[in-house]
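Asker: Structure incoming, see below.
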Amino acid sequence: MIFLCAGILILPALIGADSRTGRSDPQTLAAVEIRSYQGLDLSSVNDFRENSILGPRYVDISRYRLIITGLVAEETVLTYDEILLKYPHYSKVVTLYCVEGWDATILWEGVLVRDLINDAGADPRANTVIFRADDGYTTSLPLEYIMDKDILMAYRMNNVTLPAERGYPFQLVAEDKWGYKWIKWIETIELSDDPSYRGYWEQRGYSDSADTSESFYNR
1 MIFLCAGILI LPALIGADSR TGRSDPQTLA AVEIRSYQGL DLSSVNDFRE
51 NSILGPRYVD ISRYRLIITG LVAEETVLTY DEILLKYPHY SKVVTLYCVE
101 GWDATILWEG VLVRDLINDA GADPRANTVI FRADDGYTTS LPLEYIMDKD
151 ILMAYRMNNV TLPAERGYPF QLVAEDKWGY KWIKWIETIE LSDDPSYRGY
201 WEQRGYSDSA DTSESFYNR
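Take 1 as the starting number for the sequence shown in the UniProt record's numbering and just add one per residue.
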């Protein structure tokens, strides 16, 4: 079951008086992980196994830039804050299924990849979206899949900012796809006209379609 709602941004706060102005200004407290949502039990942020190719990445957010490039009308470069301020926020409960045999159902919050691509302007020749990560990991998905579904680039999970181990600043929520399509630490989104492109695990025999209804390995 999937839920989608626009504009959700939960910032727990404590109201306290400012002795200098007499005003009550909010003081931000640390986020608390939620474990249920609209009657659904959620997995924990910790219910994931570390299986990245180089181990967790610790991205310097002050230097971070997301690049949207390739077959676009205008190459776009965005900071973390620009992404969060410019684009509508959405939340969605989606289950990640890992080829190792475990799964995790999480309330993801993020921005739509479709919105980022629309702003950059997709060239009519483009048919494939290639994602590149800080650790060199790559994967790809059909442009049609990205544009026709509400595919999130998540920055929060269960009401907490993504930990470094989970892909901070952004992880792709590739619903209905095996976990190796859920790329973490996204730094480049490239539009291409090459549907034969194969990412890190796809080059090693994993299915390029990665549909969870099918085997993940090409025999």
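Yeah, the Cβ is synthetic: ideal placement off N, Cα and C, and Gly gets one too.
Output the distance between the C-alpha atoms of Arg125 and Ala31, rounded to the nearest integer angstrom.
Answerer: Distance between the alpha carbons of Arg125 and Ala31: 43 angstroms.
Asker: With DSSP collapsed to three states, give me the class of Ile83.
Answerer: helix
Asker: From this set, Ile186, Tyr206, Trp102, Trp201, which residue's C-alpha is nearest Ile83's C-alpha?
Answerer: Ranked by how close their Cα comes to the Cα of Ile83, the residues Ile186, Tyr206, Trp102, Trp201 have Ile186 in first place.
Asker: Look at the alpha carbon of Met153 and the alpha carbon of Leu172, and state the distance between them as a whole number of angstroms.
Answerer: 5 angstroms
Asker: My output table needs one value for residue 238: the three-state DSSP class, helix, strand or coil.
Answerer: As displayed, the chain neither begins before 1 nor continues past 219, which places residue 238 out of reach and without an answer.
Asker: If you check the beta carbons only, do Pro163 and Val59 fall under 8 angstroms apart?
Answerer: With contacts defined by Cβ atoms closer than 8 angstroms, Pro163 and Val59 do not form a contacting pair.
Asker: Tell me, to the nearest whole angstrom, how far the beta carbon of Ile130 is from that of Tyr80; I am working on the premise that it is less than 8 angstroms.
Answerer: In fact, because the Cβ distance is near 21 angstroms, the residues do not count as touching under 8 angstroms.
Asker: Any heavy atom of the ligand PLP closer than 7 angstroms to the beta-carbon of Tyr37?
Answerer: This structure lacks the ligand PLP, and indeed carries no ligand of any kind.
Asker: Between the C-alpha atoms of Arg114 and Ser209, what's the straight-line distance to the nearest angstrom?
Answerer: 19 angstroms
Asker: Which residue comes first and which comes last in the beta strand (DSSP E) that contains Val77?
Answerer: Following the DSSP letters along the chain, one finds Val77 inside the beta strand (DSSP E) bounded by residues 76-78.
Asker: Kindly indicate the opening and closing residues of the alpha helix (DSSP H) around Ile117.
Answerer: Unbroken alpha helix (DSSP H) run through Ile117: 113-120.
Asker: Count Cβ pairs between the region 135-148 and the region 83-102 that sit closer than 8 angstroms; are there 3 or more?
Answerer: Taking 8 angstroms as the limit for Cβ pairs, the verdict is that the region 83-102 does not touch the region 135-148.
Asker: Report the residue from Asn51, Gly39, Asp41 whose alpha carbon sits nearest the alpha carbon of Asp135.
Answerer: Asn51
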